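Here is the structure we will look at, set down as structure tokens.
Here you go:
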């Protein structure tokens, strides 16, 4: 994804790179960097795994994009946009209804908001019964 900044001499372009990997069984890694060389180092050195639990209603927000994930009946599948579907599949989620609001055309913010929603599934605290 390119990011442009206006200077006196013209436009200066930078590129943001996003890398995501998962084992399709509950672990997900998502890394964002502005330089491709730093991205390669960062993926190998700061691979923070996120454990994913299902059956929770979570939200995530990044920039102007906000997403909502809700658990559907078993066997429904993942009902969402292609970018989000790939992240959810890599995380090991099998059934999920999703909703998105705001500026979801920015793929970076949309993917980051999805990652935030996925990380919140593991931080979900159940009430003491």
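In this note's numbering, the protein residues as written are 207 to 335. All C-beta atoms, glycine included, are put in the ideal place defined by N, C-alpha and C. Quick caveat: nothing in here was measured; it's all calculated off a predicted structure.
Three-way DSSP call (helix, strand, coil) for residue i in this model
i           : result
residue 209 : strand
residue 285 : strand
residue 309 : coil
residue 314 : helix
residue 262 : coil
residue 291 : helix
residue 215 : coil
Distance, residue j Cα to residue i Cα
i           : j           : result
residue 278 : residue 265 : 15 angstroms
residue 290 : residue 323 : 11 angstroms
residue 218 : residue 224 : 20 angstroms
residue 314 : residue 286 : 16 angstroms
residue 262 : residue 294 : 14 angstroms
residue 230 : residue 302 : 15 angstroms
residue 336 : residue 292 : The displayed coordinates of the chain run from 207 to 335. Any statement about residue 336 would go beyond what the structure contains.
residue 208 : residue 282 : 36 angstroms
residue 211 : residue 316 : 21 angstroms
residue 312 : residue 304 : 17 angstroms
residue 326 : residue 232 : 13 angstroms
residue 237 : residue 271 : 18 angstroms
Cβ-based burial, residue i [other Cβ within 10 Å; buried from 16]
i           : result
residue 228 : buried
residue 309 : exposed
residue 275 : buried
residue 321 : buried
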